[in-house]
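For reference, the structure discussed in these notes is given below.
Number of protein chains: 2
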Amino acid sequence: MTEAYLIYASSDREPNLFYWGHFRAPDPFLALKINEKTIAVVSTLEHGRCKKDSTFSEVLLWSDVLQAVTDQPVVDNVCKIILYLQKEYEISSFVIPDDFPAHLYETLKKLVPIKFDTVYFQTQRQFKSKSEVEQIKAACQLTSQAILYARAILKKSCTDAIQPFLYYRGKILTSERLRSAIECYCLKKGGHCTGTIVSCSKQAADPHCEGTGPLYANEFVVIDVFPRLNQSGYYGDMTRTFLKGVASMRQKQLFSCVRTCQKELIRRIRPGVNTKDLMQFAQNYFEQSGFGLRKTKGVCEGFIHSVGHGLGLGLHEYPSVGTNSVVLEPNMVFTVEPGLYFHDLGGVRIEDVVQVTSTGYQLLSRFPYQWIL
Amino acid sequence: MTEAYLIYASSDREPNLFYWGHFRAPDPFLALKINEKTIAVVSTLEHGRCKKDSTFSEVLLWSDVLQAVTDQPVVDNVCKIILYLQKEYEISSFVIPDDFPAHLYETLKKLVPIKFDTVYFQTQRQFKSKSEVEQIKAACQLTSQAILYARAILKKSCTDAIQPFLYYRGKILTSERLRSAIECYCLKKGGHCTGTIVSCSKQAADPHCEGTGPLYANEFVVIDVFPRLNQSGYYGDMTRTFLKGVASMRQKQLFSCVRTCQKELIRRIRPGVNTKDLMQFAQNYFEQSGFGLRKTKGVCEGFIHSVGHGLGLGLHEYPSVGTNSVVLEPNMVFTVEPGLYFHDLGGVRIEDVVQVTSTGYQLLSRFPYQWIL
């Protein structure tokens, strides 16, 4: 008798499930992990592909299993299948993630021993293997190439005497146009982007504002690109802030403050360091520089997000580098992305991806920090 | 005292949450719906953007609410906030969707009255408003333009005397190349694609195989495109099957069988019709044509998926047109996409989107069915 980890989800949305079988499917399916063995139960629609392409140890056909359990006095088909699996694989209890579907959980727990393991599912992907690091590196390289491409467009753009807009090849350069250039670039090189941020001026005061309308000279332009590699499923993530034209004293102060903070944060990364101390460092640093978190007209300004997030098969994964306590260990991979945001000036964010090594850190991509174009 | 619908999810992944506030966020946040009022509780990172851009009636700041409840003897922050909301809005009980996170549910149900409403969350978006239909139409129009663009490339491609590959502008035309052309086309017109299918020959025997490597003359090429409009969040979805060159008798039979089946299915759509009867019709039709579901060498062939799925803010949503019973009503919107799949020949799928009207149906896009190029 043994414990089985159990997931019922779409592997397009649940990186833990993708991690087990390296198989992408848009609709939910069932999967088990018993010691090193992984088992998937999929529909006729996915059966052939899952058998051919996935790394699951076993692939069962949903309708076959259902036929084998017609005698079960249970209404729900998913439960029927889980009961079958319990018997077939002599499972003593099921272990589920926190975000397991609640209704299924409520039904299941009347039928089988079932428990949560928050830590297992949160951390099973936290230490990246050599090949995973290579994939993240490849994704980060694609990201930096895309930003290089965007920077070249910004650099070549110009203003006319009448309007403060940037023009490129005779037409106004908008957030939408530059974003679509970046995303097409990634597509052609094997990566999919969603939500790429190209936000200028006041729009950039919201860290997740994607940006819309003309880009302006003499204003911050935040470019945040996070493509997912089609083949392996790993993410890259990088942000650079640019300014085409002439920067004001305050813009220079803001940029320099964020850049110094990021440098200091990265310098501190090594095994044994607690992520909440990194967060605290950034909070103190910005506070002392006069840029701490504050509220203006009911909306937050200053340093309004955490320092970073884990990166891998998920875009935001464990460890988060915020107020929670996580002690760094070798082969954790995460972003370092301090930022400052003000309603009048917009925002500055600089983001890179690091891997914790046995003695310190390794940057997983290289890209210049030069920002005035 | 009143009931409140409750969601805790990322609105990027949970269309019901996006539907409440028209606000996209990658990380989970809390939202309530009390009668017609919607309330979101978000982090400092999202607060400004959510206040400006969302349609939530109220936007609360996570840290403000937490500060207001420091006296609660509860460890979990999400629970603390829910308890605060319960008191503040005089909520008698919370109503949650089936896929609510199980661990949070388990903690919450010890603190507040909480219950599932499968039907509400499954069906709240099922009847599309006029403006929603317009958005889906726009997404479907983008989809058909992208397929038109792909068809033109296929049409202009050619073979040489030595290889059976298709060539376009002097280079081999691969699945990857045609897919990236389609997806860039959509990007430039304001739609994001993921998982676009361009699969040829045997690869197309798996309905969700995205396709890889050279495209061949005289073989089926299945092109399935489903972009999401950036602005409104609505999906389009269309599939056409093409063949460049000369089709065999069996290929012609297969195509004609799928096309006739789709025509017959669409003709049958009107209020009062049960979706499972549509599924049954397709099953019978394919069975009688000699193409029913079967297993060959342990893998399914023939008619191996359902007839269609609801479409809107979700790519696969209610109603599904499969073996479950759903009675059609005006303003339901779904795909009609019968398909046949064989290991030796590959697959044929034809997909359009229909809206149920008071007397019958309306096709939400137009595109020719001509397939031999």
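Those protein sequences? They're chains D and C, same order as listed. If you're matching positions, the first sequence starts at 1 in my numbering and goes up one per residue. If you're matching positions, the second sequence starts at 1001 in my numbering and goes up one per residue. C-beta: ideal position from N, C-alpha, C; glycine also. Just so we're clear, the structure is a prediction, and the values are computed from it rather than from any experiment.
### Task
Specify the secondary structure class of G1360 (chain C) as computed by DSSP and reduced to three states.
DSSP places G1360 (chain C) in coil when its eight states are reduced to three.
**Prompt:** Going by the CB atoms, is the gap between S1365 (chain C) and C1140 (chain C) shorter than 8 Å?
**Reply:** Going by C-beta atoms, C1140 (chain C) is nearer than 8 Å to S1365 (chain C).
| request: Can you tell me which of the three DSSP states Y1047 (chain C) falls into? | output: For the sequence presented, residue 1047 (chain C) should be read as His rather than Tyr. Taken through DSSP and simplified to helix, strand or coil, H1047 (chain C) comes out as helix.
**Asked** Curious, which full-length beta strand (DSSP E) runs of at least 3 residues does the stretch 133-210 of chain D contain?
**Response** Taken in chain order, the complete beta strand (DSSP E) segments of 3 residues or longer contained in the stretch 133-210 of chain D are 197-200.
*Within 8 Å, strictly: CB atoms of L265 (chain D) and L278 (chain D)*: Here L265 (chain D) is near L278 (chain D), since their CB atoms are less than 8 Å apart.
**Asked** Leaving out the 5 sequence neighbours to the left and right, which residues in its chain are closer than 8 Å to K994 (chain C) when beta-carbon positions are compared?
**Response** Residue 994 (chain C) cannot be examined here, being either before or after the span of chain C that is shown, 1001 to 1373.
Which runs of the alpha helix (DSSP H) at least 4 residues long sit entirely within the stretch 1273-1345 of chain C? Give them in chain order. Positions of the alpha helix (DSSP H) runs, each at least 4 residues long and wholly inside the stretch 1273-1345 of chain C, are given as 1275-1288 in order along the chain.
TODO: Note down, one range per segment and in chain order, each beta strand (DSSP E) of at least 3 residues found wholly within the stretch 71-140 of chain D.
DONE: Segments of the beta strand (DSSP E) lying fully in the stretch 71-140 of chain D: 91-96 and 114-116.
key: the stretch 297-314 of chain D / the stretch 227-247 of chain D touching (three or more Cβ pairs under 8 Å)   = A contact between stretches requires three or more CB pairs, one per stretch, nearer than 8 Å, and the stretch 297-314 of chain D meets this requirement with the stretch 227-247 of chain D.
ask   = Cβ atoms of S57 (chain D) and E3 (chain D): under 8 Å apart, would you say?
value = Against a cut-off of 8 Å, the Cβ pair of S57 (chain D) and E3 (chain D) comes out as no contact.
If we cut at 8 Å on Cβ distances, does V299 (chain D) have a partner in chain C? Yes, its Cβ sits closer than 8 Å to a Cβ of chain C.
Could you give the distance in angstroms between the alpha-carbon of G1298 (chain C) and the alpha-carbon of H1343 (chain C)?
Their Cα atoms are separated by approximately 12 Å.
| From R1240 (chain C) to Q1370 (chain C), what distance separates their C-alpha atoms? | In a straight line, the C-alpha of R1240 (chain C) is about 9 Å away from that of Q1370 (chain C).
task: For R1013 (chain C), go through chain D and note every residue whose CB falls closer than 7 Å to its CB, in chain order.
output: The CB of R1013 (chain C) comes closer than 7 Å to the CB of R13 in chain D, given here in chain order.
field: Euclidean distance between Cα positions of Q1251 (chain C) and P1338 (chain C)
entry: Cα-Cα distance, rounded: 16 Å.
**Prompt:** Comparing the C-beta of Y105 (chain D) with each C-beta of chain C, is any distance below 8 Å?
**Reply:** Residue-level contact by beta carbon holds for Y105 (chain D) and chain C, with a gap shorter than 8 Å.
Closer than 8 Å by beta-carbon distance: list the chain D residues that pair up with R1169 (chain C), in chain order. Correct list: empty, because the minimum Cβ distance to chain D is about 15 Å.
- Item | Sequence-distant residues of its chain with Cβ nearer than 6 Å to E46 (chain D) (five each side left out) | If we look at E46 (chain D) and ignore the five residues flanking it on each side, its Cβ neighbours are A25.
> Where G1190 (chain C) and G170 (chain D) are concerned, what is the direct C-alpha to C-alpha distance, given to the nearest angstrom?
Replying inline: Approximately 21 Å between the Cα atoms of the pair.
Item to complete: Please compile the residues from chain C whose C-beta is within a distance smaller than 7 Å of the C-beta of P207 (chain D).
Response: In chain order: L1045.
Check: Which of helix, strand or coil does DSSP assign to G1021 (chain C)?
Finding: In the structure shown, G1021 (chain C) sits in a helix (DSSP, three-state: H, G or I).
Nearest to K1263 (chain C) (by Cα), restricted to the options C:I1350, C:N1016 and C:T1212 | If we check each option's Cα against that of K1263 (chain C), C:I1350 comes out closest.
Open item on the list: Does chain C have any CB closer than 8 Å to the CB of I96 (chain D)?
Closed with: Chain C contact via Cβ: present.
Q. Span of the beta strand (DSSP E) holding F29 (chain D)?
A. Per DSSP, F29 (chain D) belongs to the beta strand (DSSP E) from F29 to I34.
Next on the checklist: I want to see whether chain D comes within less than 8 Å of R1049 (chain C), judged by CB atoms only; does it?
Outcome noted: Nearest CB-CB separation between R1049 (chain C) and chain D: below the 8 Å threshold.
CA-CA distance, Q1355 (chain C) and Q1362 (chain C)? Take the alpha-carbon of Q1355 (chain C) and the one of Q1362 (chain C): they are about 5 Å apart.
> Measuring CB to CB, does I182 (chain D) end up less than 8 Å from V222 (chain D)?
Replying inline: Contact flag unset, no.
- [ ] Out of D:N331, D:Q86 and D:M1, point me to the one whose CA is closest to F127 (chain D)'s CA.
- [x] Considering only alpha carbons, the answer is D:N331.
Practice item. Scan the stretch 13-36 of chain D for residues whose Cβ lies nearer than 8 Å to a Cβ of chain C and list them as they occur along the chain. Key: Those would be R13, R24, A25, P26 and D27, in chain order.
Fill in: Where P1015 (chain C) sits in the DSSP three-state scheme
Under the three-state reduction of DSSP, P1015 (chain C) is assigned to helix.
What are the partner residues of Q355 (chain D), as DSSP defines its beta bridges? In the DSSP output, where bridge partners are listed per residue, Q355 (chain D) has D:V333 and D:Q362.
task: Mark R1049 (chain C) as exposed unless 16 or more other C-beta atoms lie within 10 angstroms of its C-beta, in which case mark it buried.
output: Here R1049 (chain C) is buried: its Cβ has 16 or more other Cβ atoms, across all protein chains shown, within 10 Å.
Give me the residue from C:V1074, C:K1052, C:P1101 and C:I1082 with the minimum Cα distance to W1062 (chain C). Considering only alpha carbons, the answer is C:I1082.
**Asked** Are the Cβ atoms of V333 (chain D) and G322 (chain D) separated by less than 8 Å?
**Response** It is not a contact, given that the beta carbons lie outside the stated cut-off.
Using a Cβ-based criterion (distance less than 7 Å to any ligand heavy atom), does M1238 (chain C) qualify as near the ligand SAM?
Ligands in the displayed structure: none, and consequently the ligand SAM is not present.
task = Can you give me the Cβ contacts of Y1185 (chain C) inside the same chain, cut-off strictly under 7 Å, excluding the 5 residues immediately before and after it?
result = Non-local beta-carbon contacts of Y1185 (chain C) in its own chain, meaning distances under 7 Å to residues more than five positions away in sequence, involve A1146 and Y1149 in chain order.
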